[in-house]
Amino acid sequence: MTALEASGRSTVPAVDAQASAAGPRPVTPATDHPRRDTVRKWAEIALFVGPALVLFLTFVVYPVVSAARFSLYKWNGVSQFSDAEFIGFENYARALFGGTDPATQEAFVTAYSEPFWQALSHNFAIIFLSMAVQLPIALLVALTLNRKFRGRAFTRVVIFAPYVLSEVIAGIMWLIIFDPNGIATEFMQSIGLDSPAGGWLEDPTWGFWTVFFIITWKYVGLAIILFLAGLSGVSEDLQEAAAIDGASWWQIQWRINIPLIGPTIRIWAFLSIIGSIQLFDMVWVLNRGGTAGQYSTIASYMMEIGFFRADWGYGSAIAVIMFILSFVIALAYMATILRRDNAHPRKAR
Amino acid sequence: MANMRRVTAGVAIAASMALLAACSSNEEPEGGATSGATGGAAEPVTLTWWHNGVAGDSGENSMGDYWDKVAADYMAANPNVTIEIEQIQNEDLQRTRIPTALQSGDAPDLFQQWGGGEMAAQAEAGYLMDLSDVLADDIERLGGGVAPWQVGEVTYGLPYQFAVEGIWYRKSLFEQAGITAEPTTMDELADAVDKLKAADITPIAVGAADGWPAAHWWYNFALRSCSQDVVAAAGTTLDFSDPCWLDAGTQLEEFIATKPFQDQFMSTVAQVGATSSAGMVANGTAAMELMGQWNYFVYQGFTDGSDEANQALLDDLDWFPMPATDGGAGDPSAAMGGGDGFSCYVDAPAECADFLAYIVSDDVQRGYAEAVGGLPVAPAAADAIASPVLQEIAQTTSSAAYVQLWMDTLLGPNVGGAMNDGIVNIFNGTGDAQGVVNAMIAAAATA
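Protein chains in written order, with UniProt numbering: chain A, 1 to 349; chain B, 1 to 447.
Have a look at this one:
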């Protein structure tokens, strides 16, 4: 609080100075009790900011700092943390390249590094595939639906429905569909094809693609609704004018609609990237990332090894890596791609 | 964290001071080992009790109901004791609730205890009450089943249920395939598998998607190839250099190569839904399954619930011990097994141990066998087991040369979990026998 107070005090004269420099601005009426005023102002700030700040510190900052601390220790989560052995960045080293101890490095590469990179590679594959697969699908559907037709509201609800469904319910539904005796297998048999040898979800090769299909089904609705909302903001005058000038439907989409919903697409991509890095609930419900980790994500790997293997120090290191990754990617995205949207909020480009 | 702990500690100190004040006039030093004797003179005590008896899919909860009754009976006999029960789903309880409660210093007085490596870690951290002296008579009465709840000579918990696993099978399917006798060797098991396949019946169901049901096959091979001493030593030293560990995996690889399991076994779970491994046996689409005694009840959950359907299933359901393999350093009549018990928190009131003694007393154990259908640990309660097949399991448990605690429980969550993952990789074809040993060695190196 002291830092805040200090910075708060220093801003008061700055504001005054600015006001006087601005000249024509009405000067704050002088009061007889400047001190009481200051107290009142701080009380107001404390009243409004306090609860949120307390919640933020308790449930965001404190856990992050705790995880960072745990990640520097060898700790099984059972013994008192005060008895845990401090090992510096060894947990991070174990995840990234099998640790620094030559005696165990080879074993750790197989046991810890490979699953870690496998999980991380799935996160990045999902980011990439979201852009390559979900984005075109969502755009195409949104552009197709962006006109008046009977049952438009109903169609939109149906498309959005998977997104609204709880992850657990959707996950269990897909587990039933992809059961070895489920309808997916039956359908494949009826058209004379084989389903994956190890099962839809547990096959070491096909499991990831089944899960990506489920994720696409689950999240493409959000993209479509966002794009439709963006499209509804595009003036019809522009489209009519283009049509009068002889532009085809494709040209109107390509040269008018898509560029004009650029900010929406970029925000969706941002949400999609962050969501892909943090993807957890669906892969966990399906079977904790798969028996061979074939669709593990960094979050499911963290949970598996932190909680279920009781390797809390290492699990915390994974958590911190995930935090840093999300943070850096979010900042980089903000600073580069979203920058033009933020700088010119009214300009649709 | 430090501040948090201080706050918790403050609360704990305040609470214990209140408790001290409340207990200061208590004349009884040890809480009175004989129930009911404490009478009206004793000051009020509250015991919190966390157990895993939760309602199943059918909404029935025979275990939870029985524990409610046990607590009520105890409270009636000891009016000063109030028992507050919390029923928590098994994995939640084991992986999340108990570890965090122990960490926070605000743990339940009496809680579920699975024994083995995890319990040893809890004991080492000083969370568990030493029951060796307080309950010496009960420990002796219960016999060898207590061993997994002991570290060295010290007892940190008592089991109320303990049994070996074996192979459940459908008599009618064996008949259909022309199998006349229960397999007693791996060769005979392979022969039965061939006959069942010839009759177009899935020989063995395994819920490999859950991991541990697949791992239990490896445990049984390890039980035969490794001597009792090697396994016991590994439990404390985490040394897996003996070639018998590799041999277990090789035997498993050979067994899987005979294709004894259902199609797409990697996608099959153990207990949930009609397509689970238990569902397959209950519905008669698979003939055998390697499982613990609890599957007796799991199978019944797949009937329509009517007495006739239940009886029809039970009439056709039988059990035989895991067949012996050729060679190996383990005793052929040894068996894999495990059980459930309870531990008292180190700061729990003395009444906790007294109540635990009541839970495992002969009468309550007998009631447990009758009401829940579980397999009691107390030898005197064995006569209360009604079902012939459960009697057979109890018989095998008591006649086994030794009962080896589930390997994953023995080794604790870290090494045990790595072992299970490695075994599952043999099943799904991404790993091999050496991979299991490597995974165990790697995990042991982080402990």
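Idealized CB from N, CA, C, for every residue including glycine.
For Q404 (chain B), the first and last residue of its enclosing beta strand (DSSP E):
Start and end: V403 to L405.
Span separating the alpha-carbon of I261 (chain A) from that of L231 (chain A)
It is roughly 6 Å from the alpha-carbon of I261 (chain A) to the alpha-carbon of L231 (chain A).
Using 10 angstroms around the beta-carbon of T180 (chain B), count the other beta-carbons present and answer buried if the total reaches 16, otherwise exposed.
exposed
Distance cutoff 8 Å, beta carbons only. Does G171 (chain A) sit that close to anything in chain B?
Answer no: the Cβ-Cβ gap between G171 (chain A) and chain B never drops below 8 Å.
Which residues does DSSP pair with W75 (chain A) in a beta bridge?
None; W75 (chain A) has no bridge partner.
Residues from the stretch 80 to 106 of chain B in contact with chain A, defined by Cβ distance under 8 Å
R95, T96, P99, L102 and Q103
Buried or exposed for F221 (chain B), please, with buried defined as at least 16 other CB atoms from any protein chain shown within 10 angstroms of its CB.
buried
Assuming Q113 (chain B) is part of the beta strand (DSSP E), what are its boundary residues?
L110 to Q113
Is R179 (chain A) close to chain B, meaning its C-beta is less than 8 Å from at least one C-beta of that chain?
For the sequence presented, residue 179 (chain A) should be read as Asp rather than Arg. By this cut-off, D179 (chain A) is an interface position.
Measure the C-alpha to C-alpha separation of Q94 (chain B) and Q189 (chain A) and round it to an integer number of angstroms.
Using only the alpha carbons, I get a separation of about 41 Å.
Taking its Cβ as the centre, do 16 or more other Cβ atoms sit within 10 Å of F48 (chain A), making it buried, or is it exposed?
Per the 10 Å Cβ criterion, exposed.
Name the chain A residues that come within less than 9 Å of A287 (chain B), Cβ to Cβ?
The premise fails here: A287 (chain B) is roughly 17 Å from chain A at the closest Cβ pair, so nothing lies under 9 Å.
Whose C-alpha, out of A:S82, A:P115 and A:D83, is nearest the C-alpha of F97 (chain A)?
A:P115
Assigned exposure category for G116 (chain B) - 16 Cβ within 10 Å defines buried:
Result: buried.
H216 (chain B) (DSSP reduced to helix, strand or coil):
Looking at H216 (chain B) - three-state DSSP - the assignment turns out to be helix.
In three-state DSSP terms, what is A369 (chain B)?
Helix, per DSSP.
Would V377 (chain B) pass as an interface residue toward chain A - the criterion being a Cβ-Cβ separation below 8 Å?
no
Starting from L53 (chain A), find everything on chain B with Cβ-Cβ shorter than 9 Å and list it in chain order.
Listed along the chain, the chain B residues whose CB falls inside 9 Å of the CB of L53 (chain A) amount to none; the nearest CB is some 17 Å away.
Would P148 (chain B) be called buried (16 or more neighbouring beta carbons within 10 Å of its own) or exposed?
buried
Once you ignore the five residues that flank A439 (chain B) on each side, which residues in its own chain have a CB closer than 6 Å to its CB?
A418 and G422
Residue environment, W245 (chain B), which counts as buried when at least 16 other CB atoms sit within 10 Å:
buried
Segments assigned alpha helix (DSSP H), at least 4 residues, entirely inside the stretch 260 to 341 of chain B
277 to 282, 295 to 300 and 307 to 316
Is E118 (chain B) buried or exposed, if buried means 16 or more other CB atoms sit within 10 Å of its CB?
buried
C-beta contact flag for N420 (chain B) and A310 (chain A) at 8 Å
In this structure, A310 (chain A) does not lie closer than 8 Å to N420 (chain B) by Cβ.
State yes or no: is the beta carbon of Q105 (chain A) nearer than 8 Å to at least one beta carbon in chain B?
The beta carbon of Q105 (chain A) does not come within 8 Å of any beta carbon belonging to chain B, so the residue lies off that interface.
Go ahead and label I244 (chain A) buried or exposed: buried means 16 or more other beta carbons lie within 10 angstroms of its beta carbon, across all protein chains shown.
With a threshold of 16 other beta carbon atoms within 10 Å, I244 (chain A) falls short and is exposed.
Report the rounded CA-to-CA distance for A111 (chain A) versus L143 (chain A), giving the unit in angstroms.
Their Cα atoms are separated by approximately 47 Å.
Mind checking whether M288 (chain B) and I167 (chain B) have CB atoms under 8 Å apart?
Yes; because the gap between Cβ atoms is below 8 Å, this pair is in contact.
Restricting to Cα atoms, I'd like to know which of A:P102, A:Y219 and A:W42 is closest to M282 (chain A).
A:Y219
Which residues bound the alpha helix (DSSP H) around I98 (chain B)?
I98 to S104
Extent of the continuous beta strand (DSSP E) run through V164 (chain B)
Residues L158 to V164.
Of the residues B:P99, B:Q112, B:N80 and B:A42, the one placed nearest I359 (chain B), counting alpha carbons only:
B:Q112
Determine, for A310 (chain A), whether the minimum Cβ-Cβ distance to residues of chain B falls below 8 Å.
yes
Check for me: the beta strand (DSSP E) holding E182 (chain B) runs from which residue to which?
Per DSSP, E182 (chain B) lies in no beta strand (DSSP E) segment and is marked neither H nor E.
Starting from P204 (chain A), find everything on chain B with Cβ-Cβ shorter than 8 Å and list it in chain order.
For P204 (chain A), the chain B residues whose Cβ falls inside 8 Å of its Cβ are N428, G429 and T430, in order along the chain.
Could you please tell me which residues of the stretch 71 to 91 of chain A, in chain order, have their CB closer than 8 Å to any CB of chain B?
K74, N76, G77, V78, S79, Q80, F81 and D83
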